[in-house]
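Residues in the sequence shown are numbered from 9 upward in steps of one, following this note's numbering. Since the structure comes first, as structure tokens, the remarks are kept for the end.
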Amino acid sequence: MAIFKGAGVAIVTPFREDGSVDYEEFDRLVDFQIAEGTDAIIVCGTTGEAATMTVEEHTEVIGHCVKHVRGRVPVIAGTGSNATATAVELSQQAQKDGVDAVLQVTPYYNKATQEGLIEHFCAVSDAIDIPIILYNVPSRTGCNILPETVAKIMKRGKNVKGIKDATGSLTQTAETMEKCDGNLEVYSGNDDIIVPMMSIGAEGVISVLSNIAPGKTHEMCRKCLENDFISAGKMQIEAIPLVRALFLEVNPIPVKKALSFMGYHSHYLRLPLTGMQTEHAEVLKLAMRKYGIEVTE
């Protein structure tokens, strides 16, 4: 059984002006997602600015998320690190907090050989019992998990169940699926190719777009799961201008600005991220309106 099928939101972490986590606003965002049909909450990922959190903050946000969700949808925690010991520590704590799975990004900056990736992910696998979703995003990490490496990790790490594939390469995605004999749960890490990836067997998406359009993203995935790729394809095409606008600047700068346009107190960022440029914000606002999202600011 898949960890989840459909649209999982890579949820933002709202901060107050003083930089502290705004848990009241976080709860509002979670409730909005669940009410609109989101199929899973992915907390403390790239979009959640986990890279700017201390270990204590990281574990606190994950624990709070689990308690607030209360089993309504699966909670998947980003617990990856470029230090294997830290990835193990975060993953063990997330398991204690009751998450349904952990998301493990490839080591970044110091990177790793393919053999190093195998040892890194298998060390995390050996330390916990809950499912692991690998996260391959070479554009950010400078490190690409090759298809044959994924297969080796799955063979050794019995709880390695899936991958968030943000390579943008359908060829690599298909090769990874083939190497894993169809046993790998694949989730698109790119909102602009949700339908193409689901057409070759992906279970769904871990989405930035879902932060502001959870209902439509869920519906797009639902149509794919029902093999209605014509309707889903039309929805994918309709979403492209908004997806483009959401990546005019480094994620999550635009999506946090978009949420502020919707009335959420979410625009504060932690350095080194800074506020969205005015001209880009206007393009984003126009794309949101065109997509049918009510803008209050």
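Just so you know, even glycine gets a beta-carbon here, dropped at the ideal spot from N, CA and C. Computed from a prediction, not measured in an experiment: that's the story for all the values here.
In the three-state reduction of the DSSP assignment, Asp173 falls in the strand class, which pools E and B.
Less than 9 Å separates the beta-carbon of Ile140 from that of Asn167. Boundaries around Ala182 are those of the alpha helix (DSSP H), Leu178 to Lys187, since no beta strand (DSSP E) includes it.
Pairing Ala95 with Gly300, the inter-Cα distance amounts to about 40 Å.
Looking at the DSSP output, Asn144 sits in a beta bridge with Asp173. Within 10 angstroms of the beta-carbon of Gln101 lie 16 or more other beta-carbons, which makes it buried. Taken atom to atom, the span from the alpha-carbon of Asn259 to that of Arg164 is near 33 Å.
Within the stretch 56-98, the beta strand (DSSP E) runs of at least 3 residues that lie entirely inside it are, in chain order, 83-86. For Glu65 and Glu32, the gap between their C-alpha atoms comes out near 15 Å. Within the same chain, Cβ atoms closer than 7 Å to the Cβ of Pro204 are found at Leu178, the five residues on either side in sequence being excluded. Residue pairing from DSSP places Phe23 in a beta bridge opposite Val29. The Cβ-Cβ distance between Ile220 and Met296 falls below 9 Å.
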